[in-house]
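Each position in the sequence shown, counted from 1, maps to that position plus 2 in our numbering.
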Amino acid sequence: MSQTDHAHDAHGHDHHDDAPHSTFKGYMTGFVLSVILTAIPFWLVMAGVIKDSGMTALVILGFAAVQIVVHMIYFLHMNFHSQGGWNMLALIFTGVIVFIVLAGSLWVMYHMNVNMMPGLMKEYL
């Protein structure tokens, strides 16, 4: 290996990594999918297509989850192969922690409301 090869590798410019690289077509595909996944929920709400607000919220959350996946794949280039799978493992761990925190918070707030205001809860049930 020559002196210039050592200097090139010392700066961390190794171009033989396994990280996915995107093309213009990949970015445009992600962009179009993102626009569609934004426009459909907007139309659902503005046109009042689904009358039940709870169902509308669930549908919008579903579209949001799909859009998160689109962003992770097309813009963040995350998959099970990048960084030896550690990126995806860190993402899954983060998702589990967020779910535990949100579910635990809702559970605690519900039980605090029931136990601290028992007379008011009978009116709502």
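Ideal placement from N, C-alpha and C gives every residue a C-beta, glycine not left out.
Taking the CA atoms as reference points, Val61 sits about 11 Å from Val51. In the structure shown, Ser24 adopts coil according to DSSP, grouped into three states.
Leu46 and Gln69 have their C-alpha atoms some 16 Å from each other. Shown here, His83 sits in coil according to DSSP, grouped into three states, outside any helix or strand. When Trp109, Val103, Ala66, Asn81 are compared, the shortest CA-CA separation from Phe44 is found for Ala66. Excluding its 5 nearest sequence neighbours in each direction, Gly28 has C-beta neighbours in its own chain below 7 Å: Tyr76, listed in chain order. Distance between Trp88 and Phe95, taken at the CA atoms: about 10 Å. Between Val72 and Leu39, the C-beta spacing is below 8 Å.
Within the same chain, and ignoring the five residues on either side of Thr58 in sequence, the residues whose Cβ sits closer than 6 Å to its Cβ are Ile52. Secondary structure of Gly32 (DSSP, three-state): helix.
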